[in-house]
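Novice:
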Ligand code: GDP
Ligand code: K
Ligand code: MG
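Numbering (the UniProt record's numbering), first residue to last: 1 to 264.
#1: Which residues bound the beta strand (DSSP E) around residue 24?
#2: Assuming residue 84 contacts residue 14 (C-beta within less than 8 Å), just tell me the rounded distance between them.
#3: Nearest-angstrom Cα distance between residue 171 and residue 242?
#4: Since I believe residue 42 is in contact with residue 49 (beta carbons under 8 Å), could you give me their beta-carbon distance rounded to a whole number of angstroms?
#5: For the beta strand (DSSP E) holding residue 137, just list the boundary residues, first then last.
#6: Relative to the ligand GDP, is the shortest distance from any of its heavy atoms to the C-beta of residue 97 smaller than 8 Å?
#7: So residue 269 and residue 53 are in contact, right, with Cβ under 8 Å, and what is the actual spacing, rounded?
#8: Using a Cβ-Cβ distance under 9 Å, would residue 125 count as near chain C?
#9: I think residue 110 touches residue 17, with their Cβ atoms under 8 Å apart; what is that distance to the nearest whole Å?
#10: Could you pull out every unbroken beta strand (DSSP E) segment of at least 3 residues lying fully inside the stretch 47-132, listed in chain order?
#11: Which partner residues does residue 37 have in the DSSP bridge list?
#12: Would you call the stretch 92-107 in contact with the stretch 234-251, where contact means no fewer than 3 C-beta pairs closer than 8 Å?
#13: Less than 8 Å between C-beta atoms, sequence neighbours within five positions excluded: which residues of the same chain meet that for residue 150?
#14: Run the CB neighbour count on residue 232, radius 10 Å, all protein chains shown included, and call it buried at 16 or more, exposed below.
#15: Hey, residue 88 and residue 116: beta-carbon distance below 9 Å or not?
#16: Helix or strand or just coil, what does DSSP make of residue 175?
#17: Near residue 152, which residues of its chain fall below 8 Å by C-beta distance, leaving aside the five closest residues on each side in sequence?
#18: Please work out which residues of its chain come closer than 7 Å, Cβ to Cβ, to residue 67, disregarding the five sequence neighbours upstream and downstream, and give them in chain order.
#19: Considering only the alpha carbon of each residue, which of 79, 12, 36 lies closest to residue 94?
#20: Name the DSSP bridge partner or partners of residue 169?
#21: Which first and last residues belong to the alpha helix (DSSP H) in which residue 191 is found?
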């Protein structure tokens, strides 16, 4: 059976959407090794299961609990990801969205909390946002179920993988190329995604990568890349350099697709 993953920041309405999209639970319990709730349900339409991933801000885990999502993405590879984002906090939410787009599986965005966004004068041009990110964007109010049928419809059609890509600048792009060249055809993950996650300091991805590239080579590449950044006069660590580049792109996307009305 196809597995669809529901991913998003904490408190974005994941559980609400999960309940709207599923007809029955297949499993409720904890994720292996942690006391974080795991829910799997049968989708209302089509023959697929929906997995409710724990809320996270980034795929780079700061704790064992936060590691659940990255382990899942490394070990299970869902056929599609539903990324639920809080439309009233779009800029902050897109940091995870970009990392999920880089993962490379088909993805659709459930643009939630559109009622709150509207009441705050936040107008999101959802067509523009979809175009800029290269994926379908479905406005929803998960609490009431508004728009949730359209999410199911979109899942029935096939969602194609996004070609969205950020240019992280010459130094990072070169490091990505080095990793890509060393991986050849082997791992069943997008090389670019693995490389970016590794360069951001994601230990889970690094552990996986070391099956193909010796750890000392990885460490050397990491240190060299960080040194090249420092040599340009940037005071950033490698992870924060990548974060900054990503954030600049996100700001540009927000600038092009979101308008905030000033209330008098
Ligand atoms: P999770 O932490 O991501 O699983 O989010 P929940 O589904 O538990 O939702 C968090 C809170 O937001 C709950 O109080 C929901 O009722 C509320 N909520 C979810 N979706 C919406 C929405 O579209 N609009 C509004 N106003 N509230 C929502
Ligand atoms: K919650
Ligand atoms: Mg929840």
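Even glycine gets a Cβ: it sits at the ideal position worked out from N, Cα and C. None of the values given here were measured: they were computed from a predicted structure.
Specialist: In this structure, then:
#1: 22-30
#2: Confirmed, Cβ separation roughly 5 Å.
#3: 10 Å
#4: 6 Å
#5: 137-139
#6: False, no ligand heavy atom lies under 8 Å from that Cβ.
#7: One cannot answer for residue 269 here, as it falls past the ends of the chain, which runs 1 to 264.
#8: Of the protein chains in the structure, only one exists, and it is not chain C.
#9: 6 Å
#10: 48-52, 80-86, 107-112, 122-124
#11: Bridge partners of residue 37: 30.
#12: yes
#13: 138, 140
#14: So residue 232 ends up on the exposed side.
#15: yes
#16: helix
#17: 21, 43, 44, 45, 46
#18: 61, 204
#19: 12
#20: In DSSP, residue 169 forms no bridge with anything.
#21: 191-199
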